[in-house]
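> So the sequence shown is residues 181 to 461, counted in our numbering. Cβ coordinates follow ideal geometry from the N, Cα and C atoms, glycine included. The structure that follows is given in the form of structure tokens.
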Amino acid sequence: MNSGLYVVATPIGNFGDMSQRAIEVLQNVDLIAAEDTRHSQRLLQFFAIETPAMAYHDHSDDRALHRIGQCLAGGGSVALVSDAGTPLISDPGYRLVRYAQDSGFAVYPLPGPCAAIAALSVSGLPTDRFLFEGFLPARDGARSNRLAALAAEATTLIFYEAPHRIEACLQSMIEAFGGDREAVMAREITKTFETIRRGPLVELAEFVSGDSNQRKGEIVLMVAGKPRGEQALDADVAKLLLRLSQELPAKQAAAVVADYSGLRKKQLYDYLVSAKHQLAE
Ligand code: SAM
181 MNSGLYVVAT
191 PIGNFGDMSQ
201 RAIEVLQNVD
211 LIAAEDTRHS
221 QRLLQFFAIE
231 TPAMAYHDHS
241 DDRALHRIGQ
251 CLAGGGSVAL
261 VSDAGTPLIS
271 DPGYRLVRYA
281 QDSGFAVYPL
291 PGPCAAIAAL
301 SVSGLPTDRF
311 LFEGFLPARD
321 GARSNRLAAL
331 AAEATTLIFY
341 EAPHRIEACL
351 QSMIEAFGGD
361 REAVMAREIT
371 KTFETIRRGP
381 LVELAEFVSG
391 DSNQRKGEIV
401 LMVAGKPRGE
411 QALDADVAKL
421 LLRLSQELPA
431 KQAAAVVADY
441 SGLRKKQLYD
451 YLVSAKHQLA
461 E
């Protein structure tokens, strides 16, 4: 096998999701760098992988990087795995990948399970654009601030959340986005108690507080982006619209700016009507 660092995705619950290539790479590399060697032991034993493993996370001291570097420099190969899913996605590995690339070693991805992508694929929310936020801050104030900063985002938002914080998190989301905003909770994906639930945020909050089982296990929360029609007008777009409306009837000005901005004609027309109304007052 080629020398280099192999970034290997592993199952997020169901071992049946382990790829054939992941098994072969883990069996054939010289060393496995694992987020938690004890945790990965179950998976390695299940697939009869006997490759030596060492602990690696982004706060590991330089000795860990040095050991990996020596292996690569000697023409060897190292696999990076995290506890579950794709390394580096809310998991360790960033420092190691940068180090390997900057040192001139090859870095190979082995794609596979990722909770965010699995959840998005069954969410029923728009998937053409999405924003992965990972874990929100644990403290209430910091979490509310982060959510407030995301309230006008038009793309689907994806969050990882701990089960003991799910209720508080949903409450903060209701405050930031409004209770009507559509959201999806994907819990225990690929496991026995897999639950995918879509509904307005208030409904999801009721569902979670009414059933303690929904506050257990691993959870991905997704929130629909702000509907386009509700987007605040960008200052430049508003300026252009008002200037054009001095030359053209409101409907035509709205149509031209709709072509230019991709916003809805009706929203632009309504904006003009209310702006003219305010000017007249
Ligand atoms: N690197 C992983 C990945 O690719 O998905 C994510 C690691 S992150 C430390 C762990 C978080 O991912 C959990 O707290 C949960 O939010 C989400 N997660 C992982 N496995 C999951 C599962 N089976 N079902 C739902 N969410 C899961």
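Tell me whether the beta-carbon of Leu337 lies closer than 9 Å to the beta-carbon of Glu362.
Position 157 of the sequence shown, counting from 1, holds the residue named residue 337. Position 182 of the sequence shown, counting from 1, holds the residue named residue 362. Contact: no.
> Check whether the Cβ atoms of Arg201 and Leu290 sit closer than 9 Å, and answer yes or no.
On the sequence shown, position 21 is the one that residue 201 refers to. On the sequence shown, position 110 is the one that residue 290 refers to. In contact: Arg201 and Leu290 (Cβ atoms closer than 9 Å).
> Measure the Cβ-Cβ separation of Ala295 and Glu398 and say whether it is below 9 Å.
Residue numbering aside, residue 295 sits at position 115 when the sequence shown is read from its first letter. Residue numbering aside, residue 398 sits at position 218 when the sequence shown is read from its first letter. Closer than 9 Å, so yes.
> Specify which residues have a beta carbon nearer than 5 Å to any heavy atom of the ligand SAM, listing them in chain order.
Every residue passing the under-5 Å Cβ criterion appears here: Ile192, Gly193, Gly265, Thr266, Ile269, Ser270, Asp271, Cys294, Ala295, Tyr340, Ile369, Glu398, Val400.
> Along the chain, where does the alpha helix (DSSP H) containing Val287 start, and where does it finish?
Counted from its first residue, the sequence shown places residue 287 at position 107. Not the alpha helix (DSSP H): Val287 falls in the beta strand (DSSP E), residues 287-290.
> Spell out the partners DSSP gives Pro380 in its beta bridges.
Working through the sequence shown from its first residue, we reach residue 380 at position 200. Bridge partners of Pro380: Glu362.
> Any idea what DSSP makes of Arg367, helix, strand or coil?
Position 187 of the sequence shown, counted from the first residue, corresponds to residue 367. Strand, per DSSP.
> Identify, in the order they occur along the chain, each residue of the same chain with its Cβ nearer than 6 Å to the Cβ of Ala214, setting aside the five sequence neighbours on each side.
Translated into the one-based positions of the sequence shown, residue 214 becomes position 34. Sequence-distant partners of Ala214 (beyond 5 residues in either direction) whose C-beta falls short of 6 Å from its own C-beta, in its chain, are Ser220, Ala233, Val261.
> Taking the C-alpha atoms as reference points, what is the distance between Leu224 and Glu230?
For the purposes of this step, residue 224 is taken as residue 44 along the sequence shown, with counting starting at 1. For the purposes of this step, residue 230 is taken as residue 50 along the sequence shown, with counting starting at 1. Going by the C-alpha atoms only, they are around 7 Å apart.
> Ser199 to Thr335, Cα distance in whole Å?
Locating residue 199 in the sequence shown gives position 19, counting from the first residue. Locating residue 335 in the sequence shown gives position 155, counting from the first residue. Distance between the alpha carbons of Ser199 and Thr335 is about 31 Å.
> Could you tell me how far apart the beta carbons of Val403 and Leu424 are, in whole angstroms, since I believe they sit closer than 8 Å?
Residue numbering aside, residue 403 sits at position 223 when the sequence shown is read from its first letter. Residue numbering aside, residue 424 sits at position 244 when the sequence shown is read from its first letter. Actually they do not touch by this definition, with Cβ atoms about 34 Å apart.
> Can you name the start and end residues of the alpha helix (DSSP H) that Ile248 belongs to?
Translated into the one-based positions of the sequence shown, residue 248 becomes position 68. The continuous alpha helix (DSSP H) containing Ile248 extends over residues 242-253.
> My output table needs one value for Thr231: the three-state DSSP class, helix, strand or coil.
By 1-based counting over the sequence shown, the position of residue 231 is 51. Residue state, collapsed to three classes: coil.
> For Cys251, verify whether its CB is less than 8 Å away from any heavy atom of the ligand NAD.
In the structure shown, the ligand NAD is absent; the only ligands present are the ligand SAM.
> State the beta-bridge partners of Ser171 as determined by DSSP.
Not covered by the structure: residue 171. The range shown for the chain is 181 to 461.
> Output the boundary residues of the beta strand (DSSP E) element that contains Met198.
Taking the sequence shown and counting its residues from 1, one reaches residue 198 at position 18. Where Met198 is concerned, there is no enclosing beta strand (DSSP E), given that its DSSP letter is neither H nor E.
> In terms of DSSP beta bridges, what is Asp402 paired with?
Sequence index remark: in the sequence shown, residue 402 carries index 222 (1-based). The identity of residue 402 in the sequence shown is Met, whereas the question assumes Asp. Answer is Ile338, Val364, bridged to Met402.
> Whole angstroms are fine: how far does the CA of Val388 sit from the CA of Glu341?
Residue numbering aside, residue 341 sits at position 161 when the sequence shown is read from its first letter. Residue numbering aside, residue 388 sits at position 208 when the sequence shown is read from its first letter. Answer to the nearest angstrom: the Cα atoms are 13 Å apart.
> State buried or exposed for Pro306, treating a residue as buried only when at least 16 other CB atoms are found within 10 Å of its CB.
As a working mapping, residue 306 is identified with position 126 in the sequence shown. Counting Cβ neighbours within 10 Å, Pro306 comes out exposed, since fewer than 16 surround it.
> Would the stretch 374-387 and the stretch 324-335 be scored as touching if the rule is three or more Cβ pairs under 8 Å?
no
> Suppose contacts are defined by Cβ-Cβ distances below 9 Å. Is Ile248 in contact with Leu206 by that definition?
Position 68 of the sequence shown, counting from 1, holds the residue named residue 248. Position 26 of the sequence shown, counting from 1, holds the residue named residue 206. Contact: no.
> Which residues in the same chain as Val303 place their Cβ atom closer than 8 Å to its Cβ, once the five residues preceding and following it in sequence are excluded?
Within the sequence shown, residue 303 is the residue found at index 123, counting from 1. The sequence given here places Ser at residue 303; Val does not occur at that position. Apart from the 5 residues on each side of it in sequence, Ser303 sits with its Cβ closer than 8 Å to the Cβ of Thr336, Val364, Ala366, Ile376, Arg378, Met402 in its chain, given in chain order.
> Judging by CA-CA distance, which residue of Lys431, Asp414, Met181 is the nearest neighbour of Ser441?
Taking the first residue of the sequence shown as 1, we reach residue 441 at position 261. Nearest of Lys431, Asp414, Met181 to Ser441, Cα basis: Asp414.
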